[in-house]
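Q: Heads up: the sequence shown at position 10 corresponds to 97 in our numbering, and the numbers run straight through without jumps.
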Amino acid sequence: QVQLVESGGGLVQPGGSLRLSCAASGFGFIFRLYNMAWYRQAPGKQRELVAGISNIGSLNYADSVKGRFTISRDNVKNTVYLQMNSLKPEDTAVYYCNADTGVTYWGQGTQVTVSS
Numbered sequence: 088q089v090q091l092v093e094s095g096g097g098l099v100q101p102g103g104s105l106r107l108s109c110a111a112s113g114f115g116f117i118f119r120l121y122n123m124a125w126y127r128q129a130p131g132k133q134r135e136l137v138a139g140i141s142n143i144g145s146l147n148y149a150d151s152v153k154g155r156f157t158i159s160r161d162n163v164k165n166t167v168y169l170q171m172n173s174l175k176p177e178d179t180a181v182y183y184c185n186a187d188t189g190v191t192y193w194g195q196g197t198q199v200t201v202s203s
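1) Cβ of Met171 within 9 Å of Cβ of Leu91?
2) Identify, in the order they occur along the chain, each residue of the same chain with its Cβ nearer than 6 Å to the Cβ of Gln204, setting aside the five sequence neighbours on each side.
3) Give, in chain order, every unbroken run of the alpha helix (DSSP H) that is at least 4 residues long and sits entirely within the stretch 124–177.
4) For Gln88, which residues of its own chain have a beta-carbon under 6 Å away from its beta-carbon, when the five flanking residues on both sides are left out?
5) To the nearest angstrom, report how far apart Thr188 and Tyr121 are at their CA atoms.
6) With DSSP as the reference, identify every bridge partner of Ser202, one or two as the case may be.
7) Quick check: what's the CA-CA separation for Gly144 versus Ser203?
8) Is Tyr168 closer than 9 Å to Arg160 when the C-beta atoms are compared?
9) On the DSSP letters alone, give me the boundaries of the beta strand (DSSP E) that Ser108 sits inside.
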């Protein structure tokens, strides 16, 4: 079983920044071996991929966040990060951490609200 705990969400003005963190743990879970990702779900919309980072560091981003968001990982701290800059109101959503071990695990989500 894998536990994913997100933190760092909150209320920010348009143009502002936030950094989300996701701490991973679990018996027998070797963080560095697995692909990690951030998803988000806005009210009334489907959950969508925001950014992913593979076990070897390959990156992918949704077109809507390219150039503004950066995903990274620390294999010592078993943590994945999402640095979000130049935030827009349309970035408002619950952000979820995802781990793919062959079984998909989700965190509980953290709310990000971009509003003036």
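Built from N, CA and C at the ideal position, the CB exists for glycine as well.
A: Reading off the structure:
1) no
2) Absent from the structure is residue 204, since the part of the chain shown begins at 88 and ends at 203.
3) none
4) Gly113
5) 6 Å
6) Answer is none; Ser202 lacks a bridge partner.
7) 35 Å
8) yes
9) 105–112
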